Amino acid sequence: MVHNRVRKLIVYESQTIIVHVTNHLKSEEVTIYWHGITQKRSPYMDGVPFLTQRPISPGQTFVYKFVASHKGTYWYHSHVGAQRAKGLIGALIVRERTSLEMKEHIMTIQE
7 MVHNRVRKLI VYESQTIIVH VTNHLKSEEV TIYWHGITQK RSPYMDGVPF LTQRPISPGQ
67 TFVYKFVASH KGTYWYHSHV GAQRAKGLIG ALIVRERTSL EMKEHIMTIQ E
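Per this note's numbering, the sequence shown starts with residue 7, numbered consecutively.
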């Protein structure tokens, strides 16, 4: 969430997703976990610090690149410390290529 707005990514099945993440934090590392996304042929894009990737240091950029293989509603979030609770989350919607544009509302709820 940035400026009290949920960040959303809307893509289509089989589409390659490329996300550049630059860490603008002064003293914390960051990674992004793509919750529910199957990382087939891209295990180093999963965002688990020190397991699937090195955390992104302050001032550094990491490029996530993977395929949206299954339609559905997913979410992404930081996998470091309290960053998720502080709002580093968003929606990832993977649509069928044949789906129609529909009016929608995306909402995230957290305690």
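Built from N, CA and C at the ideal position, the CB exists for glycine as well.
In this text, all values refer to a predicted model and were calculated from it rather than measured experimentally.
- Cβ atoms of Ile-38 and Tyr-82 come within 8 Å of each other, at about 5 Å.
- Taking all protein chains in view, the Cβ of Leu-57 is surrounded by fewer than 16 other Cβ atoms within 10 Å, so the residue is classified as exposed.
- Spatial neighbours of Val-73 in its own chain (CB-CB distance under 8 Å, excluding positions within 5 residues in sequence) are listed in chain order as Ser-20, Gln-21, Thr-22, Ile-23, Lys-46, Arg-47, Ser-48.
- In the three-state reduction of the DSSP assignment, Pro-49 falls in the helix class.
- Counting other Cβ atoms within 10 Å of its Cβ, Val-100 reaches 16 or more and is therefore classed as buried.
- For Ser-84, the secondary structure class from DSSP, reduced to helix, strand or coil, is strand.
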